[in-house]
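247 is the number that this note's numbering gives to position 254 of the sequence shown; each next residue is one higher, with no gaps.
Written out below as structure tokens is the structure these notes cover.
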Amino acid sequence: MPPKKRRGGAVNTSDTAESNRAVSLPLGALRQRPRSQRIADRREGENPAVREAQPDLAAELRGMNQTLNAVLQVLTNQNRGRAGIPSMPNSQPHRVHQLFGDQEPPIEKYLKLNSSTFNGDSLDEDPQQYLEDAKKAIRALRCTKEWVVELVSYNLRGSARYWYESLLESKEAAGLPPPSWEEFTEEFLTRFYPANKQAEDAIAFERLRQENMTVTEYTKEFTRLSKSAPYLVNSEEMKVRRFVRGLVEPMFTTLMPEVGCMSFKDVLNSAYGIEAGIAERNAFKDIGKKPKMKEQFSGGASLGGFQSHHVRLISKVIRGIELVLKHLLVGLLLLDLLP
């Protein structure tokens, strides 16, 4: 049997197909591997080109999986919104980080600045003043609008708290976001400061007079009631004129001629000064009257006692003189009778 000739550089059909698939390997590297090893590689699917392509394919599959999960999350949130179901606050930590860094809303700082509460059960409570105090604390904290309503509502108690919880539930049931600051103040005043009460306060403001109140008490009442009738104090001059018109004498007579050229702050300081001067003069009058009255009373009593004592003494002297004269007269008569 003649010896077989070696096929030096020839590559069979299967090797050619393998080399076409493994484009990343040099032809010489394929020739150096035994034919049996190449066949085993094909059977086991361990082609070097396939092994090199597997990491890229796995990365693409992971990226596709992440994309599908994101799309699924968006669709789920949309379906929740249509059904009126509140979505899970997945973005809440990011929103808190944007507003306050890594901290929670500054509730403790807010309570230090504003500890006033509102129940809504008493007529003595002032809903407008509650909002004013809340706004002062909010401005001091400089927090964003997203947290304003949450902080302000924290001090609501009793009926006011129940009203706020009902407002939130109605918003959620309608698929609406929580109320903004403007919506909250409008709903709050509509509930706890209705139109009829506002009309009563407006009439009370038109009739307001100082009477027996101090300037501080009158100013506080003037400020509170003026919110119900802003049309009466829509300018600085109107506000000053109405304030001075309610003052008592002599403040009214002193300040009324200066209304046109004084600010509300100037008029208020002048009223405080006049009130302090009146109180000082009255105090000096009281101090001067008491010693004088005491002196008159004690002096009159001592003078009366002095006079009565001397009258009695003088009357005794007169009676003694009369007695002496009588005896002298009797002696003279006896001398005349003697021979």
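C-beta atoms are modelled at their ideal positions from N, C-alpha and C, and glycine is treated no differently.
Predicted model only: the values in this text are computed from it and were never measured.
Rounded distance between the beta-carbons of residue 226 and residue 255, thought under 8 Å: By one-based count along the sequence shown, residue 255 stands at place 262. By one-based count along the sequence shown, residue 226 stands at place 233. The C-beta distance from residue 255 to residue 226 rounds to 15 Å, too long to fall under 8 Å, and the pair is not in contact.
Using only the alpha-carbon positions, how far apart do residue 126 and residue 179 sit? One-based indexing of the sequence shown puts residue 126 at position 133. One-based indexing of the sequence shown puts residue 179 at position 186. A direct Cα-Cα distance of roughly 16 Å separates residue 126 from residue 179.
Looking at the unbroken alpha helix (DSSP H) that takes in residue 189, where does it start and where does it end? Here the question's residue 189 lines up with position 196 in the sequence shown. Judged by DSSP secondary structure, residue 189 falls within the alpha helix (DSSP H) whose first and last residues are 188 to 199.
Which residue comes first and which comes last in the alpha helix (DSSP H) that contains residue 246? The residue given as residue 246 occupies position 253 in the sequence shown. Per DSSP, residue 246 belongs to the alpha helix (DSSP H) from 244 to 248.
Considering only DSSP beta bridges, list what residue 111 is partnered with. Position 118 of the sequence shown, counting from 1, holds the residue named residue 111. BP columns for residue 111 point to 149.
For the alpha helix (DSSP H) holding residue 219, just list the boundary residues, first then last. The residue you call residue 219 lines up with position 226 of the sequence shown. Residue 219 -> alpha helix (DSSP H) spans 208 to 219.
Using only the alpha-carbon positions, how far apart do residue 228 and residue 133 sit? Reading the sequence shown from its first residue, position 235 is the one you call residue 228. Reading the sequence shown from its first residue, position 140 is the one you call residue 133. If I take the Cα positions, the gap works out to 27 Å.
Is the segment 157 to 175 close to the segment 196 to 204, with three or more CB pairs under 8 Å? No: the two stretches stay apart, fewer than three of their Cβ pairs being nearer than 8 Å.
Straight-line CA distance for residue 333 to residue 157? Nothing can be reported for residue 333, as the shown portion of the chain is limited to -6 through 332.
Would a C-beta distance cut-off of 8 Å place residue 159 and residue 112 closer than the cut-off? As a first step, residue 159 is located in the sequence shown; it is residue number 166 there, counting from the start. As a first step, residue 112 is located in the sequence shown; it is residue number 119 there, counting from the start. Cβ atoms of residue 159 and residue 112: not closer than 8 Å.
Could you have a look at residue 204 and say whether DSSP puts it in helix, strand or coil? Locating residue 204 in the sequence shown gives position 211, counting from the first residue. Looking at residue 204 - three-state DSSP - the assignment turns out to be coil, as it is neither helix nor strand.
How many whole angstroms separate the CB atoms of residue 344 and residue 221, which I take to be in contact at a CB cut-off of 8 Å? Nothing about residue 344 can be reported from this structure: the residues present for the chain run from -6 to 332 only.
Whole angstroms are fine: how far does the CA of residue 146 sit from the CA of residue 99? As a first step, residue 99 must be located in the sequence shown, where it is residue number 106. As a first step, residue 146 must be located in the sequence shown, where it is residue number 153. Rounded to the nearest whole angstrom, the C-alpha separation of residue 99 and residue 146 is 13 Å.
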